[in-house]
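Presented below is the structure to which this report refers.
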Amino acid sequence: MKLENPETKRDRGVYDVTESGIKFHHSATEPPATKNSADFLSRFTQDFSMKILDQPSENELVFEMIGVDVSFANALRRILISEIPTMAIETVFMWDNTSIIHDEVLAHRLGLIPINVDARYFEAYDEEDEFAESPDNNGGESGTFGNDEANLIAAQNATDQNTIVFKLAVTCSRSECNASKTGNSTDYDIDDTTLGNAELDEAASATAARKRSAMQTPNRPYTKHIYSRDLEWVPQGDQELHFSAIRPVHEDILIAKLRPGQSIELEAHARKGNGKDHAKYSPVATASFRLMPRIEIMRPIYDDLAEELVHLLEPGVFKLEKVDDDDPPGTRVKASISNPYACTMSRNFMRNEELSKSIKMTRVPNHVIFSIESVGMASPGVLMAEALRILQGKCRRLINISEEKLDDT
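The structure is reproduced here in structure tokens:
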């Protein structure tokens, strides 16, 4: 795979990859500095390109951006992690909890359950009269309350425009315990199908049977498992007209375990927030980028050394080719570059002195490979569009502030 000439993308240099680290090497012919904002925009428009490289699943996206500075990619990464709003459980009204889990821990576990809803349909919660500012608040973890005044303040600020309400009322009864002993328990039953795959259905059924058998061990107390699917959405106002159902992203997240006689009854309020307030609001599991590797074979690599490079040291990056008439007689195969995108900068080849002299590895500073893995409430493409919109808003605010300062002077 042949890469473009770096000079066509106005590189100011490259990152030389050595055995001891990475060093920036300035280009011999740096592009001239931009004269003004119009010149910069013209160059950026000319040099910038973007291409999707891979989409392993609906929640994963890998793409490349060419002609951008690393600071631009890092700004997008930070926005994806901490500034795109989502909905998450923030306030929990605990009516009854006789489980082994403390109220604060249970509220924290509920808050970490991702909710499959588009936060753009909701308004930000009004925090001017937030219950957390009340002197009577017990200061617990993310919204457990111990007095009526705090509950009243929180309830008054909640509307169908800024709050999603869930209810959880579960009990582990003695009858369920008796049913488990007779083999009639359905606590571990799975859904009718798993991704529409018969083999997965069979494997899931076998796993559920093993778990059920373990729970029916003689003299072992019965345990009821409470999952995110047990959360019941309670529509408020006209929410039912706009949403068919609001559910957790995953229905099989374990919330708590109950023994006979124990119960949990609560009401949970989900609100709009971002990752700067709490990690539970972050819409991505990972958002990262790396610079594009540039690999050059300085001296031909043949036979056993080539096979070692291709199969052991840098798998997927190089490939074996048959030698031609221009190669030395008596050689069988030689190594050539196959896919530089697969290079992870492991530098394993540098352990071999001969290979270290034969291969040159650098990184292109204005060619970024970006990876996004969404939690599930929005697709990576939507998240990227939202990140660009937020970054655009930041730029506008900076321009307005600069103009105001210039006007004052």
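In terms of this note's numbering, the sequence shown has 466 at position 264, counting the first letter as 1, and numbering is strictly consecutive.
All C-beta atoms in this analysis are idealised placements derived from N, C-alpha and C, irrespective of residue type, glycine included.
For clarity, every value in this text was computed on a predicted model and none was experimentally measured.
- The three-state reading of DSSP puts S573 in strand, counting E and B together.
- I286 sits away from P502, with the two beta carbons spaced by 8 angstroms or more.
- In the DSSP assignment, the residues bridged to D298 are E467.
- If one requires a minimum length of 4 residues, the alpha helix (DSSP H) runs lying completely within the region 500–583 are 505–510, 555–560, in chain order.
- Per DSSP, the continuous beta strand (DSSP E) segment holding D256 begins and ends at 251–256.
- The C-beta distance from S284 to G477 rounds to 4 angstroms, short enough to meet the 8 angstroms contact threshold.
- The beta-carbon distance between F551 and E588, rounded to whole angstroms, is 40 angstroms. This is too long to meet the 8 angstroms contact definition.
- Boundaries of the alpha helix (DSSP H) around I283: 272–284.
- Taken through DSSP and simplified to helix, strand or coil, A360 comes out as coil.
- For I603, the number of other beta carbons within 10 angstroms of its own is below 16, and it is reported as exposed.
- DSSP places H444 in the uninterrupted alpha helix (DSSP H) bounded by 441–444.
- A check of alpha carbon separations from L590 across R492, I291, A275 identifies A275 as the nearest.
- For D440, the closest C-alpha among the options I466, T365, S581, S375 is that of T365.
- Under DSSP, F265 shares a beta bridge with I254, F572.
- For K474, the closest C-alpha among the options R245, E467, Y483 is that of Y483.
- Taking 8 angstroms as the cut-off, the beta carbon of L456 is found no closer than this to the beta carbon of Y217.
- The alpha-carbon of S446 is positioned some 52 angstroms away from that of I497.
- Minimum Cα-Cα distance from Q257 among the listed residues A240, S273, F572, V566 corresponds to F572.
- When the beta-carbon positions are compared, V367 and E469 come within less than 8 angstroms of each other.
- Under DSSP, no beta-bridge partner is assigned to R598.
- Cβ neighbours of L608 within its own chain (closer than 7 angstroms, five residues either side excluded): none.
- Assigned with DSSP and collapsed to three states, S259 falls in coil, not helix or strand.
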